[in-house]
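K.L.:
So that we are looking at the same thing, I have put the structure below in structure tokens.
Protein chains: 2
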Amino acid sequence: MKKREPSGEDKLIERFFKPLASYPGALALSDDAAFITPPSGYDLVLTADTTVAGVHFFADDPPDTIAKKALRVNLSDLAAKGAAPIGALLAISFPEGIEESWIANFARGLGEDCVSFLCPLIGGDTTKTPGPLSISITAIGKVPAGRMVKRTGAKPGDLIVVSGTIGDAALALLLKQRMLSGGLGDLNKPQAAELMRRYRMPEPRLALAPLLCEYANAAMDVSDGLVGDLGKLAAVSGVSARIETAKIPLSNPAHDAIAGEAALLSTALTGGDDYEVLAAIPERRFDAFAEAAGKAGVPVSRIGTFGAGDGVSVLGPDGNPLSFQKASFSHF
Amino acid sequence: MKKREPSGEDKLIERFFKPLASYPGALALSDDAAFITPPSGYDLVLTADTTVAGVHFFADDPPDTIAKKALRVNLSDLAAKGAAPIGALLAISFPEGIEESWIANFARGLGEDCVSFLCPLIGGDTTKTPGPLSISITAIGKVPAGRMVKRTGAKPGDLIVVSGTIGDAALALLLKQRMLSGGLGDLNKPQAAELMRRYRMPEPRLALAPLLCEYANAAMDVSDGLVGDLGKLAAVSGVSARIETAKIPLSNPAHDAIAGEAALLSTALTGGDDYEVLAAIPERRFDAFAEAAGKAGVPVSRIGTFGAGDGVSVLGPDGNPLSFQKASFSHF
């Protein structure tokens, strides 16, 4: 009679991930699958994003921020679609030789965000890989039936609106790349740290989700660069877009970096990793939207207008259209 | 005015994966997320599994079978939980230098299975990785509300039942490993090919799903080896399990391989990758279950009985309990 010994994988799940699985249908991660009893009157919204060490984050980033970023990029998608999180599935591939303390810190960070964003773990898979650490998360949310906010739907005359500030993460990445050859303009250490914090831990704008359902004709999250993502939204909506760089919300460090090196404006506008909401809001409803967003703690800015036709134009500080180097458009 | 050029990633999705996304809420993969309008009276069942080249399949396996295996291991979980597929999200990381023809064949294989198993693509993510090809699939199914078949619930006296045949994939793997040093016993080429087909393309037992809801007290799919997985099911159900090797269904090639080399029985029973259903069926209902399963085209076999207490015992051909090498238990 052989008593079953739990495997290494089972012990790892039991110790580090089961505490994150508060959702009843997750069955404490002890089954092959989870179940969700769909809330009546809602559609479910599903999104999946993979983050890979050396591609989407640095392998030596703190493990808790790696976990948070992996979850947040998915929550950012839910937010932009008007959805509130229900839970997430984590499929993680650990490289050889991963330390248990690393996993503990990863799980701690993930757990903090599961609580903060009301998004418990409901399932997943752990495996080993000969390659780099890789994290695929599928997030599930809910939105009132028929009300998911789509990319299509922007109308000529709608305002182009973004949340938060744009360009911080892209500037952080550039700053890190330049580390050995000097910094970005005259940024001081706290400013540089603020940019890096934005790269490592985007802020999913879940507080905006119900407002997007109510006010937005279309929305998406900005993950591959503002100009490129705006182009995607405009294209599927069948409209053109025109924004003014003077109106684009910049953080204090981003503002100072660009003031010291004008070419960084292009980095900020096309670099990606913002995870802010980009939305089409009817002009007559913008004030009410902005007021409600402010009350929800999320600053929003009107940066331009959708029009007839197609294409994206970006008016620079002098009022003339900017053109971007091909390289800046590599994401789209 | 800059017209938007689709990115390489967008083109790839448009060309190869959009045709697989027939689910209306998938929005032709043109949005950040998909939506599902949950069917009334059903729970949703969610499962995620990652497969990595060099770990779960051979990098030089045919791309269409790699795709099919990645999907099928998830569908196997749905089947064992009594769920019918709704759709799947594919998060795939391509290694550098992947050929477009490879992706085309992968997508063709995946598409064939999306159709065969009524499981359209509803979303996902594509990215590059410096590591090996890695595929994370999240499958979503539906089951009558409250009726997901769990691992818990097996009762003393229930029969231990498996679908199909056991051990083929594990023997295929061993055969491949021994390729340079000779084969398995006297297996001929067609027999070896049949085993390899089972390794590369498991058969998700979706036809059993509604029958499991109706007849099974507990179920799971056998992915990490019959003996180990039986141990997991017995442990969470709080019962013991006793099986007889003479009753374990073997394919013709597996039978011949074991006849030629008795030690291969252990490989078959503990090697994994079977993706057959393991279920606890009340004895008085077994005949009806087996008849319905047969009509649905899935052979099922009673291989033992659950009892009081704990642990798993395996009675060998001579009626004495078998013990397995520690190494054979590495998965659990």
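The listed protein sequences derive, respectively, from chains A and B. With the first letter of the first sequence counted as 1, position 197 gets the number 599 in this note's numbering; the numbers rise by one all the way through. With the first letter of the second sequence counted as 1, position 79 gets the number 481 in this note's numbering; the numbers rise by one all the way through. Where a beta carbon is used, it is the ideal one built from N, C-alpha and C, also for glycine.
#1: Compare the Cα-Cα distances from E416 of chain A to each of A:A450, A:G525, A:I500 and A:S639 and report the closest residue.
#2: Using the DSSP secondary-structure output, state which residues sit across from A455 of chain A in a beta bridge.
#3: Around the C-beta of D686 of chain B, are 16 or more other C-beta atoms found within 10 angstroms, so that it is buried, or is it exposed?
#4: In chain B, which residues lie less than 8 Å from A436 of chain A when you measure between Cβ atoms?
#5: Indicate the three-state DSSP secondary structure (helix, strand or coil) for P558 of chain B in the structure shown.
#6: At a Cβ cut of 8 Å, what residues of the region 695-706 of chain A count as close to chain B, listed as they run along the chain?
#7: Exposed or buried, which one is M581 of chain A when buried takes at least 16 other CB atoms within 10 Å?
#8: Taking 8 Å as the CB-CB limit, is I524 of chain B close to chain A?
#9: My guess is that A710 of chain A and V641 of chain A are in contact by the Cβ rule of under 8 Å, so how many angstroms apart are they, rounded?
#10: Does D445 of chain A come out as helix, strand or coil in the three-state DSSP assignment?
#11: By the 7 Å beta-carbon criterion, what residues does the region 591-608 of chain B contribute toward chain A?
#12: Counting only Cβ-Cβ distances shorter than 9 Å, please list the residues of the region 415-441 of chain B near chain A, keeping chain order.
#13: Could you compute how far the alpha carbon of D720 of chain B sits from the alpha carbon of I562 of chain B?
#14: Any Cβ of chain A within less than 8 Å of the Cβ of D527 of chain B?
#15: Spell out whether any CB of chain B is found under 8 Å from the CB atom of G673 of chain A.
#16: Examine chain B for any beta-carbon lying closer than 8 Å to the beta-carbon of A472 of chain A, and answer yes or no.
#17: Distance cutoff 8 Å, beta carbons only. Does A572 of chain B sit that close to anything in chain A?
#18: Which value, in whole angstroms, describes the spacing of the CA atoms of P464 of chain A and S409 of chain B?
#19: Is it true that the CB of R607 of chain B sits closer than 8 Å to the CB of K649 of chain B?
#20: Mind checking who M738 of chain B pairs with in its DSSP beta bridge?
#21: Quick one: residues in its chain with C-beta nearer than 7 Å to the C-beta of M403 of chain A, no 5 flanking neighbours on either side, listed in chain order?
#22: Could you tell me whether the region 653-666 of chain A touches the region 566-576 of chain A, using the rule of 3 or more Cβ pairs below 8 Å?
#23: Go through its chain and collect everything with a Cβ distance to G443 of chain B's Cβ below 7 Å, but skip five positions before and after it.
#24: Using a Cβ cut-off of 7 Å, pull out every chain B residue sitting near G456 of chain A, in sequence order please.
#25: Checking 8 Å against the spacing of the C-beta atoms, do V714 of chain B and G633 of chain B come in under that value?
#26: Which of the three DSSP states is assigned to D720 of chain B in this structure?
#27: Examine the ligand MG and report whether any of its heavy atoms sits within less than 7 Å of the Cβ of G511 of chain A.
#28: For S424 of chain A versus A493 of chain B, is the C-beta spacing smaller than 8 Å?
#29: Distance cutoff 8 Å, beta carbons only. Does A656 of chain A sit that close to anything in chain B?
#30: Cutting at 6 Å between CB atoms, please list the residues of its own chain near E678 of chain A, excluding the five before and the five after it.
#31: Of all the CB atoms in chain A, is at least one closer than 8 Å to the CB of K483 of chain B?
#32: So, with DSSP's three-state summary, where would you put V714 of chain B?
#33: Give the range of the alpha helix (DSSP H) segment to which T669 of chain A is assigned.
#34: In the DSSP assignment, find the unbroken alpha helix (DSSP H) run with S639 of chain A in it and report its ends.
#35: Ordered along the chain, which non-local residues of its own chain (more than five positions away) have a Cβ less than 6 Å from that of I367 of chain B?
#36: Starting from F496 of chain B, trace the beta strand (DSSP E) in both directions and tell me its first and last residue.
P.N.:
Working from what's here:
#1: A:G525
#2: A:F459
#3: Rather than Asp, the amino acid found at residue 686 of chain B in this sequence is Arg. Under this definition R686 of chain B is an exposed residue.
#4: V447, L448 and T449
#5: coil
#6: none
#7: exposed
#8: yes
#9: 7 Å
#10: strand
#11: none
#12: G427, L429, S432, D433, D434, A435, A436, F437, I438, T439, P440 and P441
#13: 20 Å
#14: yes
#15: no
#16: no
#17: no
#18: 31 Å
#19: no
#20: In the structure as shown, chain B begins at 403 and stops at 734. Residue 738 of chain B is therefore absent and cannot be evaluated.
#21: At M403 of chain A, the pLDDT of 44 sits below 50, so the modelled position is not reliable and the matter cannot be decided from this model.
#22: yes
#23: P546 and A547
#24: P532
#25: yes
#26: coil
#27: Of ligands this structure carries none, so the ligand MG is not represented either.
#28: no
#29: no
#30: V564, S565, G566 and V624
#31: yes
#32: strand
#33: L666 to T672
#34: L628 to S639
#35: Residue 367 of chain B cannot be examined here, being either before or after the span of chain B that is shown, 403 to 734.
#36: A486 to P497
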